[in-house]
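These notes are about the structure you will find just below.
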Amino acid sequence: MQSIHEIIIIGGGSIGLAIAIELRLLGADVTVVSHNFKAAAGHAAAGMLAPQAEQISAGAMLDLCVASRDLYPEWSEKIESISGADPGYWQCGILAPRLTHTHTDADWLEPRSIHHHQSGLSESIVGGYWYPADGQVDSRALVRALWCACQFLGVKWLDAVKVTSICRSGGRVTHLETSEGEMSAQHYILATGAWSQQLLPIPVVPRKGQMLSVMVPEAQLANLPLQQVLFGEEIYIVPRRDGRIVIGATSEDAGFAPHNTPAGVEQLMTNAIRLFPQLRDLPIQETWWGFRPATPDELPIMGTSSEANLTLATGHYRNGILLTPITAKLIADLVWHQQADRLLSDFSWQRFDPRSASISDRL
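Letter 120 of the sequence shown, counting from 1, is numbered 129 in our numbering, and no numbers are missing.
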């Protein structure tokens with residue numbers, strides 16, 4: 010028997026949940042279909058909000074990332090007010106230390122300044138940058154808060170349900186084939202991250218990232234050794250207010266290969282200790298891995314598809330958590346109000362084959 014819904018979101022990660030919340034607040038009846046909630050990339054992410062620290066080139070992607078970062082204070086308060094759960098937003102700023110002096114611009118911090126800004130940095134640090142508007146969110150806390158908000162708002166939640174096929178005919182999606190039978194809706198949103206190519210032939214592939222965390226001893230929690238994110242040339246170090254310090258991340262073209270590896274953990278610890286030597290004495294709390302959804306140009310795929318009732322919200326690569334608020338807003342407005350923000354135009358699926366209209370036959 011086929012189940013019928015108004016809007017189905019395929020994918021239960023931060024992007025899918027945030028879109029569901031925005032649509033529900035607009036009055037939509039929303040169902041989220043999630044194959045494995047715990048596998049969503051948001052659970053593995055460090056949660057940096059770092060458009061400036063990452064030195065994203067001027068253009069549409071930087072505009073999108075800055076707009077989303079600037080939404081975070083008000084948006085995270087909204088999510089907390091709905092869910093009753095703290096999403097862990099912290100505008101702590103990001104310090105970008107450098108081991109080589111290749112910069113001469115006015116924003117460059119000389120060695121004395123950067124070591125004064127953050128004590129305990131390696132003596133090898135020769136300078137760097139300070140980005141006070143950047144920050145972080147505890148990605149696991151955020152995903153929990155989003156899930157709780159969805160529950161409070163009455164979003165229908167179908168976990169452990171695998172979508173095996175998106176069935177299309179006549180320029181529309183007719184229904185989904187799932188592990189629980191057929192499902193149909195008036196509109197569908199694909200937000201399956203690194204797994205998107207399993208349902209549509211779009212160029213989104215998994216990029217594995219290994220991570221770990223260490224823990225500041227309880228006696229030192231009142232005086233945390235780090236009060237801002239360190240964004241190095243080969244590593245990032247993200248302190249949490251509860252004493253955890255997240256270290257990441259490798260970038261591996263390894264498909265969906267699971268598990269941490271000795272080589273991956275060694276790479277993380279070597280680069281982290283080189284930047285901030287105090288880490289060598291802290292106990293390792295946890296190791297984990299996840300899969301970033303990468304596209305050929307490392308930009309997301311968002312907006313309309315070749316099917317009139319299918320919208321795409323995937324391929325966010327390293328910036329899924331950062332781009333969650335703006336993606337939710339843009340996609341909800343597009344689906345519910347048929348309003349396409351100019352920010353979406355640079356992230357269309359059509360950019361991957363602009364010369365051939367035949368791509369629409371393959372999507």
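All C-beta atoms, glycine included, are put in the ideal place defined by N, C-alpha and C.
Original post:
Between G324, R253, I198, G273, which lies nearest to V225 when the distance is taken from Cα to Cα?
Top reply: By one-based count along the sequence shown, residue 225 stands at place 216. Nearest C-alpha to V225: R253.
Original post:
Expressed to the nearest angstrom, what Euclidean distance is found between the alpha-carbon atoms of A94 and Q347?
Top reply: Here residue 94 is taken as the residue at index 85 of the sequence shown, counted from 1. Here residue 347 is taken as the residue at index 338 of the sequence shown, counted from 1. Each residue's alpha carbon lies about 31 Å from the other.
Original post:
Which partner residues of S174 appear in the DSSP bridge assignment?
Top reply: Your numbering for residue 174 matches position 165 in the sequence shown. Its beta-bridge partners are E186.
Subject >> Environment of I18 [buried if 16+ CB atoms lie within 10 Å] >> reply: Residue mapping note: residue 18 aligns to position 9 of the sequence shown, counting from 1. With 16 or more Cβ atoms within 10 Å of its Cβ, I18 is classed as buried.
Original post:
Where I103 and Y81 are concerned, what is the direct C-alpha to C-alpha distance, given to the nearest angstrom?
Top reply: On the sequence shown, residue 103 is found 94 positions in, with the first residue counted as 1. On the sequence shown, residue 81 is found 72 positions in, with the first residue counted as 1. I103 and Y81: Cα-Cα distance of roughly 16 Å.
Original post:
Taking the C-alpha atoms as reference points, what is the distance between W156 and L26?
Top reply: Sequence index remark: in the sequence shown, residue 156 carries index 147 (1-based). Sequence index remark: in the sequence shown, residue 26 carries index 17 (1-based). Each residue's Cα considered, the two are about 7 Å apart.
Original post:
Three or more beta-carbon pairs under 8 Å between the segment 37–54 and the segment 222–239, yes or no?
Top reply: no
Subject >> Nearest to C159 (by Cα), restricted to the options I211, H110, E31 >> reply: Working through the sequence shown from its first residue, we reach residue 159 at position 150. The candidate whose alpha carbon is nearest that of C159 is E31.
**OP:** Name the two residues that bound the continuous beta strand (DSSP E) containing P215.
**Re:** Counting from 1 along the sequence shown, the entry for residue 215 is found at position 206. From DSSP, the beta strand (DSSP E) with P215 extends over 214–224.
**OP:** Can you tell me which of A266, Q237, T320, V164 puts its alpha carbon nearest to the alpha carbon of L209?
**Re:** Position 200 of the sequence shown, counting from 1, holds the residue named residue 209. The candidate whose alpha carbon is nearest that of L209 is T320.
Original post:
Among Q219, F356, Q359, D72, which one has its Cα closest to the Cα of G273?
Top reply: For the purposes of this step, residue 273 is identified with residue 264 of the sequence shown, where counting begins at 1. Closest option to G273, Cα to Cα, is Q219.
Original post:
Which partner residues of L151 appear in the DSSP bridge assignment?
Top reply: Translated into the one-based positions of the sequence shown, residue 151 becomes position 142. Paired residues: none, contrary to the question.
Original post:
Taking Cβ to Cβ, would you say A303 is nearer than 8 Å to M311?
Top reply: Within the sequence shown, the letter at position 294 stands for residue 303. Within the sequence shown, the letter at position 302 stands for residue 311. In this structure, M311 does not lie closer than 8 Å to A303 by Cβ.
**OP:** Grab me the residues of Q145's own chain with a C-beta within less than 7 Å of its C-beta, minus the 5 sequence neighbours each way, in chain order.
**Re:** What you label residue 145 is simply residue 136 of the sequence shown in a count that begins at 1. The answer, listed in chain order, is G56, M57, L58, W99, C101, V238, V247.
Original post:
Are E295 and L353 closer than 8 Å when you measure CB to CB?
Top reply: Stepping through the sequence shown from its first residue, residue 295 is reached at position 286. Stepping through the sequence shown from its first residue, residue 353 is reached at position 344. Taking 8 Å as the Cβ cut-off, E295 and L353 do not qualify as a contacting pair.
Subject >> Where F161 sits in the DSSP three-state scheme >> reply: By 1-based counting over the sequence shown, the position of residue 161 is 152. Correct three-state label for F161: helix.
Subject >> Rounded distance between the beta-carbons of G324 and V172, thought under 8 Å >> reply: In the sequence shown, residue 172 corresponds to position 163, counting from 1. In the sequence shown, residue 324 corresponds to position 315, counting from 1. The pair is not a contact, with the Cβ atoms about 18 Å apart (cut-off 8 Å).
Original post:
Distance, Cα to Cα, R107 vs S128?
Top reply: Reading the sequence shown from its first residue, position 98 is the one you call residue 107. Reading the sequence shown from its first residue, position 119 is the one you call residue 128. So the alpha carbons of these two residues sit roughly 15 Å apart.
Original post:
Is G68 near A105, with beta carbons less than 8 Å apart?
Top reply: Reading the sequence shown from its first residue, position 59 is the one you call residue 68. Reading the sequence shown from its first residue, position 96 is the one you call residue 105. Going by C-beta atoms, G68 is not nearer than 8 Å to A105.
Subject >> Sequence-distant residues of its chain with Cβ nearer than 7 Å to E316 (five each side left out) >> reply: Your numbering for residue 316 matches position 307 in the sequence shown. Closer than 7 Å at Cβ, skipping near neighbours: R177, G180, R181, V182.
**OP:** Keeping to the same chain, check which residues put their C-beta closer than 7 Å to that of E242; ignore five residues upstream and five downstream.
**Re:** In the sequence shown, residue 242 corresponds to position 233, counting from 1. Contacts found: R107, L108.
Original post:
Taking DSSP as the reference, what is the three-state secondary structure of G20?
Top reply: If you number the sequence shown from 1, residue 20 lands on position 11. Coil, per DSSP.
Subject >> 3 or more residues per run - each beta strand (DSSP E) lying fully within the segment 201–284 >> reply: 214–224, 238–240, 245–248, 253–257
Original post:
What do you get for S77, buried or exposed, if any count of 16 or more other CB atoms within 10 angstroms of its CB means buried?
Top reply: Working through the sequence shown from its first residue, we reach residue 77 at position 68. S77 is buried by the Cβ-count criterion.
Subject >> Inter-residue spacing [alpha-carbon to alpha-carbon] between N328 and S43 >> reply: Mapped onto the sequence shown, residue 328 falls at position 319. Mapped onto the sequence shown, residue 43 falls at position 34. Looking at the two C-alpha atoms, the distance is approximately 21 Å.
Subject >> Distance between P292 and P309 (C-alpha atoms, nearest Å) >> reply: Counted from its first residue, the sequence shown places residue 309 at position 300. Counted from its first residue, the sequence shown places residue 292 at position 283. Computed Cα separation, rounded: 36 Å.
Original post:
Among the residues of its own chain, which have a CB less than 7 Å from the CB of C74, if the five just before and after it don't count?
Top reply: Taking the sequence shown and counting its residues from 1, one reaches residue 74 at position 65. Hits under 7 Å: P60, I65, N328, L331, L332.
Original post:
From what residue to what residue does the beta strand (DSSP E) around R107 run?
Top reply: Locating residue 107 in the sequence shown gives position 98, where the first residue counts as 1. R107 -> beta strand (DSSP E) spans 103–107.
Subject >> When H268, K217, I198 are compared against D262, the one with the closest alpha-carbon >> reply: For the purposes of this step, residue 262 is taken as the residue at position 253 of the sequence shown. Nearest of H268, K217, I198 to D262, Cα basis: K217.
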